[in-house]
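Student:
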Amino acid sequence: MNEDSNTLAILLFGEIFGMDQILRNRLGKVLPKGMEISHFSVLNHLAWRGVERSPAQLAETFHVTRGAMTNTLAKLGWAGYIHIRPDWDDARRKMVTISPAGRQACKAALSQITPMITQVVEELGDDKVRAALPIIRELRRQMS
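For the sequence shown, the numbering used here assigns the number 1308 to the initial residue and increments by one for each residue that follows.
1) From the DSSP output, which residues share a beta bridge with R1360?
2) Taking only the alpha-carbon atoms, compute the straight-line gap between E1359 and L1318 and give it to the nearest angstrom.
3) Tell me the rounded alpha-carbon separation between E1343 and K1382.
4) Three Cβ pairs or more, each shorter than 8 Å: is that satisfied between the segment 1419-1436 and the segment 1327-1339?
5) So, is the C-beta of A1408 closer than 8 Å to a C-beta in chain B?
6) Could you say which of S1312, N1332, A1316 and E1310 lies nearest to L1446 if we only look at CA atoms?
7) Spatial neighbours of T1404 within its chain, please: CB distance less than 7 Å, with the 5 preceding and 5 following residues excluded, ordered by chain position.
8) Counting along the chain, where does the beta strand (DSSP E) carrying P1393 start and finish?
9) Hey, how far is the Cα of A1408 from the Cα of T1372?
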């Protein structure tokens, strides 16, 4: 990699890090009181998937340690947003599903987030967003 490529890589990832920080800050301000981005992410995933997942599967999906996911799930369970049950086929494992209260909390969060992200997409324009998506997806795949 030559110096120009190094500079380009640093600029690209600097923009990604900056965007991540801004997005997390803005999301943190509009999420319902007490809900963290990690909580919303898990609830949204469970709501969209519509199937039970093990804590290990969720940790892998979100690229976090099992301990970090256990902590997030404990907070979601305490809030009544998820149900955790033993796996009937393997008692050592647990299965997680979203509760009705979790669906309601996820909907409430989405209703707060949607205007913000919709505005950004409208300002960029559909064509730019469609052009950026494959590049962002490929970056995510390469980083996984």
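Here a beta-carbon is modelled for each residue, glycine too, at the ideal position from N, C-alpha and C. Treat the numbers as computed from the prediction; the structure is a model and nothing was measured.
Tutor: From the atom records:
1) V1403
2) 40 Å
3) 10 Å
4) yes
5) As a matter of chain content, chain B is missing from the structure shown, which is built from one protein chain.
6) A1316
7) L1353, E1359, I1389 and H1390
8) I1389 to P1393
9) 26 Å
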